[in-house]
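Before any comments, here is the structure.
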Amino acid sequence: MSAPVLFSPASGGVPPEPHRPTSGASSQPRRAFGARALLAALPLALRKLDPRVMVRRPVLFVVELGAALLTALAIAEPFLGRSESATPIPGGFTWAIAAWLWATVLFGNLAEAVAEGRGKAQADSLRTTRSETPARVLATAGDGAWDRAADPAGLRARLEERASSALAIGDVVLVEAGDVIPGDGDVIHGVASVDESAITGESAPVVREAGGDRSAVTGGTRVLSDRILVRVTSTPGQTFVDRMISLVEGASRRKTPNEVALDVLLATLTLVFLVVTLTLNPIASSVAAPVHLAVLVALLVCLIPTTISALLSAIGIAGMDRLVRRNVLALSGRAVEAAGDVSTLLLDKTGTITYGNRRAVGVNPLPGVELDAAWSAAVEASLADATPEGRSVLALALSDGPRTASALAHAALGGTDTVAPAGSSEPAAPEGEASAEAGRTPSGVLQLTGSPVAFSATTRMSGVDRRDGSALRKGAGSAVLAWLDAAGNAPSARVRAALEADVARIAGQGGTPLVVAEQEADGTGRALAVIHLKDVVKEGLPEKFEQLRAMGIRTVMITGDNEVTARAIAAEAGVDDVLAEATPEDKLALIKQEQAGGRMVAMTGDGTNDAPALAQADVGVAMNTGTSAAKEAGNMVDLDSDPAKLIDIVAIGKQLLITRGALTTFSIANDLAKYFAIVPAMFMGAFPQLGALNVMGLSSPASAVLSAVIFNALVILALIPLALRGVKYRAVAASKLLGRNLLIYGLGGVVAPFIGIKLIDLVVSLLPGF
Amino acid sequence: MSVVWAVAALGLVVVLLAAVHVPLGDYMARLYTSPQHLRVERWLYRATGVNPDAEQSWRRYLGGLLAFSALGLLAVYALQRLQHWLPGSLGLPAVEPSLAFNTAASFLGNTNWQSYSPEATVGLTVQMAGLAVQNFLSAAVGLAVAIAFVRGLTRRGEPTLGNVWVDLTRGTLRLLLPLAVLGAVLLMLAGVIQNLGEPTTISTLTGATQTIPGGPVASQEAIKMLGTNGGGFFNANSAHPFENPNAFSNLVQILLVLLIPFSLPRTFGTMVGSRRQGVAILAVMGGLFLVSYALLTWAELVGAGAAPQAAGGAMEGKEQRFGIIGSTLFATTTTGTSTGAVNSMHDSYTALGGALPLLNMMLGEVAPGGVGSGLYGMLILAIVAVFVAGLLVGRTPEYLGKRIGRGEITLASLYLLVTPTIVLLGTALSFGIPALRESIEGTSILNPGHHGLSEVLYAFTSAANNNGSAFAGLTANTPWLNWALGLAILLGRFLPIVFVLALAGRLAAQRPVPVTAGTLPTHTPLFQGMLAGVTLLFTALTYFPVLALGPLAEGTL
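From first to last, the protein sequence lines stand for chains A and B. Per my numbering, the very first residue in the first sequence carries number 12; after that it's consecutive. Per my numbering, the very first residue in the second sequence carries number 3; after that it's consecutive.
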């Protein structure tokens, strides 16, 4: 099964999509656009010449009407005889203009067809996942009807074979290892590993289980192990994959608000130029012979914004496409556009701003304790702690600790990266039973020295009981002090003061302090060290947030942590604001409050309790691992379930708008040069003095008009790659961005056609008669 | 030397305006936002049954404005048609229907296109009770629309724009009247006549008899300039020595014209709570004005041909007492502001020089434009510029916190469509329909060919943009031109107002988006440049072909 994702990496300021080793990636063309793609899109482009289709793109429709008119005129001309005209017209001129007008329309269609074609390739590969799958539905009536209460696993229920297309919402189906899941739904019983590469392109299987936030499964994905019951949540034909197919194909594409507004402006310009050309001959009649119809139509086509109109839908489709390539599924174009307008980002702390887990960043010996002893105790006390926090103490010791501690950590880690599964601190194994293999794991090393003591909620400590009767404990300061006090080992006032100061300092920085203490076999004990655990902010985030600030986007970190911890992490990451101890209701309230102030809010979420906030946010990105409710509520789904991608989504939204604006500016700026080509050409016959306006020195009036028309057609073709790729986007303030883009697309749009038309004229002038 | 004079004359105007526009702009902002009513105003509201504290939706505001203007149109038309029965008519007969319609429309639309010779057509009553009153009221209408539009930008989610009766009353009573009185006094001091006497008939030295007209000229003249109306008491307009006797009166007239249009950006900035937004608009208006003045003065000073060379410049059609610079500054002022008064004959300018007054009008009267209309015209262009610029920075475009979506850009587009369509269609019909063409070429045009084309184009441009200045050389008092230009004036005035107020209503109902670093700043020189560019490009693209046929073809002959 080939994956639908990943063609070429996108260029520009938008972060490149991560390269993922999928089976489909290599089989896709590397180039986003080439002669092959054009050729492949040609049949579709020709089909789009149908006036009933064209009428939906009014500007190009005007061109098509002009082309048809001139074709008719070209056929009729030999029979009409020569009419008087202000422009000297060589034979075949009308034919040439008509041909190039048809080419203009065709190129416009080609742009759309290429964009749609790229989506089609993805859709086709997605369709293969949608093939009919037999589904085993648990009977709900009659003999052997499933009784959920009595038989939650459905072991005794009668199974009905049914085609996946005949499933209804609420049906419960049984899926076992090797089966393709017949439809979207939630796992209601069991746990299974699922291969979702058909949808996400991610080859590593994911775990889906009943209850919680990882219960949603997608039709078309394959169960690799175990057995689950799935309750179907969408009717066939409206599943996730179906929606994805119609999205990438552009079938369900509706014009977005900004696109509609731009259409209005383009239609206005078209109307203005229609008036200009229609009134030209009557006005000129007082001083000159009428302008030839072919020249008038050529003038009209050159002036109306054909370039942007031809590329507009391609830009929209390509924008959606860029999101899909980054494994984000926007359920509407409106959402993509809204992403560009977002002014507040709500970011979950865990996974977005920090790595999921706390890490040890320091071990501070208490007064009277040697550095090496403190570190060694910290390492030893963590041997039994299989949590990532515990492992991070070993990792820290390995890299930063003094020699003995480092060696101990090295032995414990065994130079490998194997991790004992979470919560697997088994009860202390009887002496001598430790295998050679076990000796390489932390608990294995530990077993050589003593027996581990697992963390428990009542003691709030973990540690080790050494074979010599001594013990080490690690835990929250109050718990460890209580442990020492209970044995009559209360530390001295000096040590206690130092310990409390250190604990307070670490907590104040948003970290978590852990105290390590020791009790000798003789019952004496002392506190040894304070371990500093903290949330580690992902690299490069402060820079990223700085960029967002420059773009005018406020970032708010959402966390369940307390205010102090949250503030400290926020300060380190450089986010603008914090919502600490956040409940889903708090999130919803925050979103509403921001929106009341006129801001647009984007957020990510995965749980069912995130659904109201996701629905309320202007851009709600649901994680694919999340529940169906979350996915329904959001207007985007991130197949990689990477909340940090929100930032990319904003960039893509902006890039989409900028591409539209840039090509509009370019298109309108082009008109100036076209005027300088055509207007003198129209009247030079009657008024040679207007030759002064022929600043490009075009060889003849006929050549000037034809060259402008050819340029107008070719520029569409030349800009298709840019429309598909999107213009370069940088995260800088709006004023800087405007200056840059005005220079490139405004000034460039004025200058480029002067050069282009001149060059084309050099070629056209070689034709006989021109 | 001439360059020094050109700069000095402009410098004087700039310095005086710079000093005055801040207090006047702030005064206007206070005037239109204060909740207090004067006693005379309250009395007026009671007499007319108006509740001055009732806020109006854009539809009601527009309805009031249109009803008010329709009444005015009827009144001016009736006064002219009934002139022979009115006192103070100086024995003049009733004005014939097409001319009466044209004149009524023209004064209603703040245009003051005059197809007639005033001293030979309208008596004192029509001048004072009809035309002068409309000079005040049409200016007040323009101001009200501009203020209502600014309110639309400042309101935060309320669907109302203020009260049209209050805006009209205050604009007339508290702004136009006092300034007009001041202007009239200054003009009288400068030597402009002011009397209610009958025309004096004298015998000249050569034995011929000559009729010297009198009249309340200074008072008419003050509001003619202040309200950017431009309709002269005499046919020769401000070239007439009784209307504009000397360089000082010339300067006073120029200042009166520019006073309100150049102060309104300040009012706008104050009302929206961001003065620099006002400064940006002012800069664009001023910049376009400056360039136009420089080009026109250069064209006239250089003046191709033997006669201009001998005279040291193109003096044809200009008054000796103003010279080239006094004329070009006046021409730039009155065509850049929809005033349309002339102190020299634009028809006689060099071909390229003559194109500049034409271009000033084609810009849509925004540099700085008529009283009120200049501001709302420029703000509409700003909205279009913001739309394109907003897309260029990757956000849904917004101006002063208001999103420019489909509805907004549709209304702005419709606004921009109106005048080019009227100008081009009117000119095309004049030449394209044989019967009309006969009338145009047989009666109206004095100089056939490119120049004749320019004259007709100028007439329709002037009418549709509510300027009122004429290229001269065109006999406009024909049924076709009277009706067509009258209609062009009314459509060119009131269709845009409909779109502006509808847009204002939409904007007012919007809750503003807060400003962030991602918001496109609309006060920077970059945006000012872009706004000027959009203004010029739109004009150039619309009118380039006809300009090529008219002035450009003639100028490059």
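For each residue, glycine too, the CB sits at the ideal point set by N, CA and C. Keep in mind that this is a model prediction, so the values were computed, not measured.
Going along the chain, which residues of the stretch 493 to 525 of chain B sit with their C-beta nearer than 7 Å to a C-beta in chain A? Arg-513, Pro-514, Val-515, Pro-516, Thr-518, Ala-519, Gly-520, Thr-521, Leu-522, Pro-523
According to a CB-to-CB cut-off of less than 8 Å, which residues of the stretch 750 to 773 of chain A neighbour chain B? Gly-750, Asn-752, Leu-753, Tyr-756, Gly-757
Contact set for B:Ala-296: own chain, Cβ-Cβ below 7 Å, skip 5 residues either direction: none
With distance defined between alpha-carbon atoms, name the residue in A:Asn-705, A:Glu-592, A:Leu-394 nearest to A:Ala-577. A:Glu-592
Selection from A:Pro-502, A:Ala-532, A:Ala-504, A:Ala-518 that minimises the alpha carbon distance to A:Arg-478: A:Ala-532
With DSSP run on the structure shown, which of helix, strand or coil describes A:Gln-530? strand
Any heavy atom of the ligand GDP closer than 8 Å to the beta-carbon of A:Val-283? Of ligands this structure carries none, so the ligand GDP is not represented either.
Taking the alpha carbon of B:Val-395 as the reference point, which residue from A:Val-66, A:Val-706, A:Thr-675, A:Leu-777 has its own alpha carbon closest? A:Thr-675
Where A:Asn-573 falls, given that 16 or more other Cβ within 10 Å makes a residue buried: exposed
What residue range is occupied by the uninterrupted alpha helix (DSSP H) comprising A:Gly-474? Not the alpha helix (DSSP H): A:Gly-474 falls in the beta strand (DSSP E), residues 472 to 477.
Residues within the stretch 620 to 640 of chain A neighbouring chain B, beta-carbon criterion of under 9 Å: none
Any Cβ of chain B within less than 9 Å of the Cβ of A:Ile-669? yes
Among the candidates A:Pro-101, A:Gly-351, A:Leu-60, whose CA atom is the shortest distance from the CA of A:Phe-781? A:Pro-101
Opening and closing residue of the beta strand (DSSP E) in which B:Arg-277 lies: From DSSP, B:Arg-277 is part of no beta strand (DSSP E) but of the alpha helix (DSSP H) over 277 to 304.
Check each residue of the stretch 280 to 299 of chain A: if its Cβ is closer than 9 Å to any Cβ of chain B, include it; give the result in chain order. Leu-280, Leu-282, Val-283, Phe-284, Val-286, Val-287, Thr-288, Leu-289, Thr-290, Leu-291, Asn-292, Pro-293, Ile-294, Ala-295, Ser-296, Ser-297, Val-298, Ala-299
Run through chain B and tell me which residues come within less than 8 Å of A:Pro-268, C-beta to C-beta. Thr-398, Gly-407, Arg-408
Taking the C-alpha atoms as reference points, what is the distance between A:Asp-651 and A:Gly-664? 19 Å
Contact set for B:Leu-92: own chain, Cβ-Cβ below 8 Å, skip 5 residues either direction: Gly-125, Leu-126, Glu-200, Pro-201
CB contact check: B:Arg-278 to chain A, cutoff 9 Å: no
Just to confirm before moving on: does the CB-CB distance between A:Asp-653 and A:Gly-362 stay below 9 Å? yes
Taking Cβ-Cβ distances below 8 Å as the criterion, which residues of the stretch 276 to 307 of chain B are in contact with chain A? none
For a cutoff of 9 Å on Cβ pairs, would you count A:Glu-348 as touching chain B? yes
Neighbour-count burial assignment, B:Asn-197, 16 or more Cβ in a 10 Å radius: exposed
Buried/exposed call for A:Phe-18, threshold 16 Cβ in 10 Å: Bear in mind that the predicted position of A:Phe-18 carries a pLDDT of just 30, short of 50, making it unreliable; the figure below should be weighed with that in mind. Buried, since its Cβ has 16 or more Cβ neighbours within 10 Å.
Within 10 Å of its beta-carbon, does B:Asn-53 have 16 or more other beta-carbons around it, so buried, or fewer, so exposed? exposed
What residue range does the alpha helix (DSSP H) around B:Leu-88 cover? First-last for B:Leu-88: undefined, no H or E at that position.
So which residues of chain B does A:Phe-556 contact, with C-beta pairs closer than 9 Å? Within 9 Å Cβ-Cβ: nothing; A:Phe-556 doesn't reach chain B, min ~13 Å.
In angstroms, rounded to a whole number, what distance separates the CA positions of A:Val-64 and A:Pro-399? 59 Å
If we define contact as Cβ-Cβ less than 9 Å, is A:Gln-530 a contact residue for chain B? no
A:Asp-682: first and last residue of the uninterrupted beta strand (DSSP E) it sits in: Not the beta strand (DSSP E): A:Asp-682 falls in the alpha helix (DSSP H), residues 657 to 694.
Whose C-beta lies closer than 8 Å to the C-beta of B:Leu-191 among residues of the same chain, with five residues either side of it excluded? none
Is A:Ser-22 close to chain B, meaning its C-beta is less than 9 Å from at least one C-beta of that chain? Residue placement at A:Ser-22 is flagged as unreliable, the pLDDT there being 37, under the threshold of 50; a coordinate-derived value is accordingly withheld.
Quick check on the DSSP output: what are the complete beta strand (DSSP E) runs of length 3 or more inside the stretch 160 to 187 of chain A, in order along the chain? 170 to 174, 183 to 187
Cβ-Cβ separation, A:Val-243 to A:Gly-194 (assumed contact under 8 Å), whole Å: 5 Å
Would A:Pro-90 be called buried (16 or more neighbouring beta carbons within 10 Å of its own) or exposed? First, the residue type needs correcting, since residue 90 of chain A is Phe and not Pro in the sequence shown. Under this definition A:Phe-90 is an exposed residue.
Ranges of the alpha helix (DSSP H) found wholly within the stretch 362 to 406 of chain B, counting only runs of at least 4: 375 to 394
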